[in-house]
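A short worksheet on the structure shown next.
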Amino acid sequence: MMRILIAGSGNAALCAGIAALERGADVLILEKACADEAGGNSRYTAGAMRFAYESRDELLPLLRNPAGEAFDRADFGSYTRNDFAHDLRNFNDGKPLNYLQDTLVDESYDTMLWLSRHNIGFDPIYSRQAFQKDGRYVFWGGLVLEAHGEGVGLVAAETREFLRLGGKIQYDCECRELVIDDSGIRGVICMSPTGQITLDADAVVLGCGGFEASKEMRRQYMGDKWVNAKVRGTRHNTGAGIEMALAVGAEMEGRSDGCHAVPMDLHMPDFGNTELPFIERKNYRKICYFLGIMLNAKGERFVDEGENYRNYTYAQFGREILNQPQGIAWQLFDKQVDALLYDEYRFAEASFVEADTLVDLTSKLDGVDAQRALHTIQEFNAAVDPANAFDPTILDGRCTSGLAVDKTNWANRLDEPPFKAFPVTCGITFTYAGLRVDRSAAVLNREGMKIPGLYACGEMIGGIFSAGYPGGSGLTSGAVFGRIAGQSAAQI
Numbered sequence: 164m165m166r167i168l169i170a171g172s173g174n175a176a177l178c179a180g181i182a183a184l185e186r187g188a189d190v191l192i193l194e195k196a197c198a199d200e201a202g203g204n205s206r207y208t209a210g211a212m213r214f215a216y217e218s219r220d221e222l223l224p225l226l227r228n229p230a231g232e233a234f235d236r237a238d239f240g241s242y243t244r245n246d247f248a249h250d251l252r253n254f255n256d257g258k259p260l261n262y263l264q265d266t267l268v269d270e271s272y273d274t275m276l277w278l279s280r281h282n283i284g285f286d287p288i289y290s291r292q293a294f295q296k297d298g299r300y301v302f303w304g305g306l307v308l309e310a311h312g313e314g315v316g317l318v319a320a321e322t323r324e325f326l327r328l329g330g331k332i333q334y335d336c337e338c339r340e341l342v343i344d345d346s347g348i349r350g351v352i353c354m355s356p357t358g359q360i361t362l363d364a365d366a367v368v369l370g371c372g373g374f375e376a377s378k379e380m381r382r383q384y385m386g387d388k389w390v391n392a393k394v395r396g397t398r399h400n401t402g403a404g405i406e407m408a409l410a411v412g413a414e415m416e417g418r419s420d421g422c423h424a425v426p427m428d429l430h431m432p433d434f435g436n437t438e439l440p441f442i443e444r445k446n447y448r449k450i451c452y453f454l455g456i457m458l459n460a461k462g463e464r465f466v467d468e469g470e471n472y473r474n475y476t477y478a479q480f481g482r483e484i485l486n487q488p489q490g491i492a493w494q495l496f497d498k499q500v501d502a503l504l505y506d507e508y509r510f511a512e513a514s515f516v517e518a519d520t521l522v523d524l525t526s527k528l529d530g531v532d533a534q535r536a537l538h539t540i541q542e543f544n545a546a547v548d549p550a551n552a553f554d555p556t557i558l559d560g561r562c563t564s565g566l567a568v569d570k571t572n573w574a575n576r577l578d579e580p581p582f583k584a585f586p587v588t589c590g591i592t593f594t595y596a597g598l599r600v601d602r603s604a605a606v607l608n609r610e611g612m613k614i615p616g617l618y619a620c621g622e623m624i625g626g627i628f629s630a631g632y633p634g635g636s637g638l639t640s641g642a643v644f645g646r647i648a649g650q651s652a653a654q655i
């Protein structure tokens, strides 16, 4: 029986474990964290997964409950392979899709079916990916389903399935070094509660995340300013898996300064804060900027908040905020859109100020040039073209004209009190650079050859995302390549 060790216990690692167990392997997951902090960044996600589908009928086998009043009134549309490929190309620095991206698109739906056969249930994302219009829930942006229970629920369900199939997990076991001989990878040296141990294996799968939680690696690969970014997810993703692979000759791949970086509450706790449950900490993100405007410390707008649906911009706008003076911004809204703001804006610990006049509001924006901010809002209001009706279910073309940075869609005047403003900064979720792998998820060395017995998945893989990220692709990528890595490792 094949003996496979897997580093990490998030979505990608668990998918690798489930796939290897299907092939008859003996599988042990090694997790650096304790059981309460296991699950990697997957535990911090909202659980949305992007995949190609042709029609509503293809969603039915994925759903826990394909019935009910809301479901009967839902317009899911379609999201074809061409749509998914197009969205990835929009973030590809002008390059065609590479073999990994093609695989992600082509395998996305089959992988969702595979997960559903392994007792992973999905629900429509009514709260964040649909708006009600003419009595129906209209989904937008190609993203329609989330794992039941969001990221926490996904990891819990995958863990149950992994254990049900006979897999084993050892927590508080930090992988530190790969064991290699002339035939390839033969095991892992770990630090366990009882001291250093060496575990033998026929193959090792690295699924232990990127380097976003390491200030030193962020400085090395991304630049000095990224030291100041807050870490949205787990404190345990410090790049150890990447460094272990590099030590045995692996090659890095991907844009070194690329990352998933979102607007986050300025006063969010650092990743190491354990006072809040995982499911609550995700509420520190602030991604409804498309319904209002964002101002920097100079009191100026700096992005087109309505450039596209927010799940095509939110993972990029964190970077833009970090590039602003002091690395901060404020998101401004009025009463017209207040009911459309996501629950994360109503979270008990959410930071915000409120006022009945724009003069009072701008005076409350700490660190912002209040006079310039007021002028910017007034200038924005005057530039709104009311010709098109506001409609958040489509790219409505309701825009401004004549501004240094125009807003392309969903441009409403801020003129109905009360007004609210939320301070935000950059929160880094995961890094895009990682190990170079082939189609089988085998790790390649600097000569482009496979390192026998070594595979990678999830955030460990470089080259899947480049200049940006269509929302929901990360979990899907983890599942697709986790499945491939587990299958490949079990059949060498």
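Numbering (the numbering used here), first residue to last: 164 to 655. From the three backbone atoms N, C-alpha and C, an ideal C-beta is built for every residue, glycine too. Remember, predicted model here, so these are calculated numbers, not experimental data.
Just verifying my parser: in three-state terms, what is the DSSP assignment at Ala492?
Locating residue 492 in the sequence shown gives position 329, counting from the first residue. Three-state result, Ala492: strand.
DSSP state of Ala652, grouped into three classes?
Here the question's residue 652 lines up with position 489 in the sequence shown. The answer is helix: DSSP assigns Ala652 an H, G or I state.
From the DSSP output, in three-state form, read off Met164 for me.
Here the question's residue 164 lines up with position 1 in the sequence shown. Looking at Met164 - three-state DSSP - the assignment turns out to be coil, as it is neither helix nor strand.
For Asp163, I'd like the list of residues in its chain whose CB is within less than 6 Å of its CB, leaving aside the five on either flank, ordered along the chain.
A query on residue 163 cannot be resolved here, the shown segment of the chain reaching from 164 to 655 and no further.
Less than 7 Å separating the beta-carbons of Gly635 and Leu306?
By 1-based counting over the sequence shown, the position of residue 635 is 472. By 1-based counting over the sequence shown, the position of residue 306 is 143. Yes, the Cβ-Cβ distance between Gly635 and Leu306 is below 7 Å.
Quick check: the segment 234-253 against the segment 599-612, are there 3 or more CB pairs under 8 Å?
Contact fails: fewer than three Cβ-Cβ distances are below 8 Å.
CA-CA distance, Phe285 and Leu537?
Here residue 285 is taken as the residue at index 122 of the sequence shown, counted from 1. Here residue 537 is taken as the residue at index 374 of the sequence shown, counted from 1. Looking at the two C-alpha atoms, the distance is approximately 45 Å.
Do Arg213 and Thr639 have their C-beta atoms closer together than 7 Å?
As a working note, residue 213 is residue 50 in the sequence shown. As a working note, residue 639 is residue 476 in the sequence shown. Contact flag set, yes.
Pair every Cβ in the segment 463-470 with every Cβ in the segment 563-572, then say whether three or more of these pairs are closer than 8 Å.
Judged by Cβ distances under 8 Å, the segment 463-470 makes contact with the segment 563-572, as three or more pairs qualify.
Excluding the five sequence neighbours on either side, which residues of its own chain have a C-beta within less than 7 Å of the C-beta of Gln654, listed in chain order?
Residue numbering aside, residue 654 sits at position 491 when the sequence shown is read from its first letter. So the list reads Arg186, once near-sequence residues are dropped.
Identify which residue in Leu177, His430, Leu226 and Phe234 has its Cα closest to the Cα of Asn204.
On the sequence shown, residue 204 is found 41 positions in, with the first residue counted as 1. Minimum Cα distance to Asn204 is reached at Leu177.
Among the residues of its own chain, which have a CB less than 7 Å from the CB of Lys258, if the five just before and after it don't count?
Numbered from 1 along the sequence shown, position 95 holds the residue referred to as residue 258. Excluding residues within five positions, none has a Cβ falling inside 7 Å.
Does the beta-carbon of Glu379 have 16 or more other beta-carbons within 10 angstroms, so that it is buried, or is it exposed?
Residue mapping note: residue 379 aligns to position 216 of the sequence shown, counting from 1. Classification for Glu379: exposed.
Leaving out the 5 sequence neighbours to the left and right, which residues in its chain are closer than 6 Å to Pro447 when beta-carbon positions are compared?
Locating residue 447 in the sequence shown gives position 284, counting from the first residue. Pro is not the amino acid found at residue 447; the sequence shown has Tyr there. These residues qualify, in order along the chain: Met427, Asp428 and Met431.
Out of Phe644, Met164 and Ile591, state which residue places its alpha-carbon closest to the alpha-carbon of Ala392.
One-based indexing of the sequence shown puts residue 392 at position 229. Here the closest residue by C-alpha is Ile591.
Quick check on DSSP: helix, strand or coil for Cys338?
Indexing the sequence shown from 1 puts residue 338 at position 175. Of the three classes helix, strand and coil, the one that applies to Cys338 here is strand, per DSSP.
Beta-carbon within less than 6 Å of Leu267's beta-carbon, same chain only, minus the 5 sequence neighbours each way: which residues are those?
Position 104 of the sequence shown, counted from the first residue, corresponds to residue 267. Here the set comprises Ser640 and Val643.
Please determine, among Ala211, Phe510, Lys461 and Ala408, the residue with the shortest C-alpha to C-alpha distance to Val606.
The sequence position of residue 606 within the sequence shown is 443, counting from 1. Here the closest residue by C-alpha is Ala408.
Where does Glu375 land, buried or exposed, given buried means 16+ other C-beta within 10 angstroms?
Locating residue 375 in the sequence shown gives position 212, counting from the first residue. Per the 10 Å Cβ criterion, buried.
With DSSP collapsed to three states, give me the class of Lys449.
For the purposes of this step, residue 449 is taken as the residue at position 286 of the sequence shown. Reduced to three states, the DSSP call for Lys449 is coil.
For chain B, check one thing: does any of its Cβ atoms lie closer than 7 Å to the Cβ of Asp532?
You won't find chain B in this structure, because it holds only one protein chain.
Considering Cα atoms alone, identify which of Tyr508, Phe582, Ala546 and Gln487 is closest to Lys498.
The residue you call residue 498 lines up with position 335 of the sequence shown. Of the listed residues, the one whose Cα sits closest to Lys498 is Phe582.
If distances are taken between C-alpha atoms only, which option among Gly404, Leu454, Glu416 and Glu517 comes closest to Ile557?
Translated into the one-based positions of the sequence shown, residue 557 becomes position 394. Nearest option by C-alpha distance: Leu454.
Taking all protein chains shown into account, do 16 or more other C-beta atoms lie within 10 angstroms of the C-beta of Ser271, making it buried, or fewer, making it exposed?
Position 108 of the sequence shown holds residue 271. Buried.
What residue from Ile283, Phe496 and Gln264 has the CA that sits closest to Asn544's CA?
By 1-based counting over the sequence shown, the position of residue 544 is 381. Nearest C-alpha to Asn544: Phe496.
Which ranges does the beta strand (DSSP E) cover as unbroken runs of at least 3 residues, wholly within the segment 288-314, from first to last along the chain?
Runs found: 293-296, 299-302 and 308-310.
Report yes if the CB atom of Ala478 is closer than 7 Å to the CB atom of Val425, and no otherwise.
Numbered from its first residue, the sequence shown carries residue 478 at position 315. Numbered from its first residue, the sequence shown carries residue 425 at position 262. Result yes, Cβ atoms of Ala478 and Val425 sit closer than 7 Å.
Name, in chain order, the residues that DSSP records as bridge partners for Glu517.
Locating residue 517 in the sequence shown gives position 354, where the first residue counts as 1. In the DSSP output, where bridge partners are listed per residue, Glu517 has Lys583.
Please state the DSSP three-state secondary structure of Gly635.
Here residue 635 refers to the residue found at position 472 when the sequence shown is read from its first residue. Three-state DSSP puts Gly635 in coil, outside helix and strand.
Which residues in the same chain have their Cβ closer than 8 Å to the Cβ of Gly597, if we skip the five residues on either side of it in sequence?
By one-based count along the sequence shown, residue 597 stands at place 434. Counting only Cβ-Cβ distances below 8 Å, and skipping sequence neighbours, we find Gly373, Ile405, Met415, Glu416, Gly417, Ala619, Glu622, Met623, Ile624, Gly625 and Gly626.
Exposed or buried, what is Asn400 when buried is set at 16 or more other beta-carbons lying within 10 Å of its beta-carbon?
As a position in the sequence shown, residue 400 is number 237, starting the count at 1. Buried: at least 16 other Cβ atoms inside 10 Å.
So what does Asp189 bridge to, in DSSP terms?
Position 26 of the sequence shown holds residue 189. Answer is Arg166.
Less than 7 Å between C-beta atoms, sequence neighbours within five positions excluded: which residues of the same chain meet that for Tyr216?
Along the sequence shown, read from residue 1 onward, the residue named residue 216 stands at position 53. The residues are Leu222, Ser241, Tyr242 and Tyr272.
Return the chain-ordered list of same chain residues with a C-beta closer than 8 Å to the C-beta of Val522, the five sequence neighbours on each side being excluded.
Working through the sequence shown from its first residue, we reach residue 522 at position 359. Cβ neighbours of Val522 beyond the five flanking positions: Leu537.
How is Leu222 classed by DSSP in three states: helix, strand or coil?
On the sequence shown, residue 222 is found 59 positions in, with the first residue counted as 1. Coil at Leu222, not helix or strand.
Looking at C-alpha atoms only, which residue of Pro224, Phe247 and Leu276 is the closest neighbour of Arg646?
By 1-based counting over the sequence shown, the position of residue 646 is 483. Checking every option, the nearest Cα to that of Arg646 belongs to Leu276.
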